[in-house]
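In this note's numbering, the protein residues as written are 37 to 374.
Quick reminder that beta carbons are idealized off the backbone N, C-alpha and C, glycines included.
To keep things clear, I will list the structure first and then write my remarks on it.
Now the structure itself:
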């Protein structure tokens with residue numbers, strides 16, 4: 037997949053207030069230019085991933101893979117607010133010559149979808165044959181099929197919900213509290229501000245993404261007679277640093293906050309009424325060990341969408357199973373691609 041940028045010439049109005057000119061959306065797509073009539077696959081990425089789906093979903097995306105970038109025209113757009121090039125708090129504010137930090141408008145899931153749609157229009161795509169998204173990528177996918185029901189033929193929603201739950205909000209707020217506990221975060225002196233807080237936030241998030249069984253299977257001590265168990269702790273610190281080396285705390289704060297805006301029923305008569313308006317052929321996939329988005333959330337989505345089919349995969353790795361259980365996902369998705 038190749039990296040491209042789209043610059044929006046008109047004013048972009050944010051749902052929660054505020055606007056900006058010159059909104060930028062980074063996206064990746066198949067190397068050969070799109071040709072009208074070509075089958076289009078659109079992938080919506082998760083919280084700290086990027087638009088290069090071949091990078092974070094290598095077993096499923098690329099030449100000869102399930103989402104074949106040579107056979108299909110495959111697109112993934114980077115979310116607004118992300119640290120990977122699309123407009124967000126790390127972008128330079130032309131009025132100050134410095135990053136926007138907290139002067140950037142708050143971002144909602146619907147803003148992210150509207151930015152995706154700007155890229156779609158820019159590419160001249162009038163029909164999306166297949167869309168897939170997991171986690172917050174699932175939020176986008178569900179929202180988009182409601183927003184533009186005639187646009188999609190098929191859609192797959194993985195490990196997500198139709199409305200943010202108090203349980204999810206509590207996890208996200210705990211991560212933002214970790215950022216705010218770092219005194220360098222609110223100082224806004226550089227994009228390295230809040231780095232220690234970001235590492236802590238990632239550690240909190242990782243526990244919510246994984247499971248009891250997964251940790252116990254992979255993080256057991258090599259020496260069962262060790263005085264202090266520290267392997268899992270070392271793993272948490274490693275994962276925290278790994279994220280802080282590639283992401284910034286301000287983008288993380290904004291994307292975490294956008295999760296709280298997820299409610300497909302807002303202004304549409306409720307969740308059930310909104311989902312009932314979807315016209316795409318939908319498949320909803322839950323993960324049996326997912327504690328962040330328990331399977332009842334995916335079952336609810338499937339029950340409200342006309343003709344939707346529900347599948348459940350098995351994993352030791354909780355919510356992160358959507359990135360790891362590639363064989364099970366392939367078994368479900370491959371027949372849908374025909």
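Margin query: So within the stretch 133 to 215, which uninterrupted beta strand (DSSP E) runs reach at least 3 residues, ignoring any that extend past its ends?
Written below: List check, beta strand (DSSP E) in window: 164 to 170, 188 to 194.
Next item on the list: Using the DSSP secondary-structure output, state which residues sit across from residue 113 in a beta bridge.
Entry: Residue pairing by DSSP places residue 113 opposite 63 in a beta bridge.
Next item on the list: With distances taken Cα to Cα, identify the nearest neighbour of residue 63 among 90, 162, 75.
Entry: Taking only the C-alpha atoms, the option nearest residue 63 is 90.
Next item on the list: Drop a sphere of 10 angstroms on the beta-carbon of residue 322, count the other beta-carbons inside from all chains shown, and report buried for 16 or more, exposed for fewer.
Entry: It counts as buried.
Notebook entry, point to check: If you scan the stretch 277 to 347 from start to end, which runs of the alpha helix (DSSP H) of 4 or more residues do you find wholly inside it?
Noted result: Considered as a whole, the stretch 277 to 347 harbours 285 to 295, 307 to 312, 331 to 340 as its complete alpha helix (DSSP H) runs of no fewer than 4 residues, in chain order.
Next item on the list: Starting from the C-beta of residue 293, find all residues in its chain whose C-beta is less than 8 Å away, skip the five residues before and the five after it, and write them out in chain order.
Entry: So the list reads 142, 143, 208, 212, once near-sequence residues are dropped.
Next item on the list: Compute the beta-carbon to beta-carbon distance between residue 171 and residue 355, rounded to the nearest angstrom, for a pair I have assumed lies under 8 Å.
Entry: So it is a contact: roughly 7 Å between Cβ atoms.
Notebook entry, point to check: Can you tell me where the alpha helix (DSSP H) with residue 80 in it begins and where it stops?
Noted result: Note, residue 80: premise wrong, no alpha helix (DSSP H); beta strand (DSSP E) at 76 to 80.
Notebook entry, point to check: Terminal residues of the continuous beta strand (DSSP E) containing residue 57?
Noted result: 55 to 57 is the extent of the beta strand (DSSP E) around residue 57.
Item checked: Distance between beta carbons of residue 198 and residue 376, contact taken as under 8 Å -> With the chain running from 37 to 374 in the structure shown, residue 376 is simply not present.
Check: Is the distance from the Cβ of residue 191 to the Cβ of residue 314 below 9 Å?
Finding: Their beta carbons are under 9 Å apart, which means residue 191 touches residue 314 by this criterion.
Margin query: Restricting to Cα atoms, I'd like to know which of 373, 357, 371 is closest to residue 247.
Written below: Closest option to residue 247, judged by alpha-carbon separation, among 373, 357, 371: 357.
Item checked: Which residues DSSP lists as bridging residue 39, in chain order -> 64.
Check: For residue 48, which residues does DSSP report across the bridge?
Finding: Beta-bridge partners of residue 48 (DSSP): 56.
Check: Quick one: what does DSSP say residue 252 is sitting in, helix, strand or coil?
Finding: It is helical.
Margin query: Would residue 179 and residue 145 qualify as a contact pair, given that the criterion is a beta-carbon distance under 9 Å?
Written below: Contact annotation: residue 179 and residue 145 have beta-carbon atoms nearer than 9 Å.
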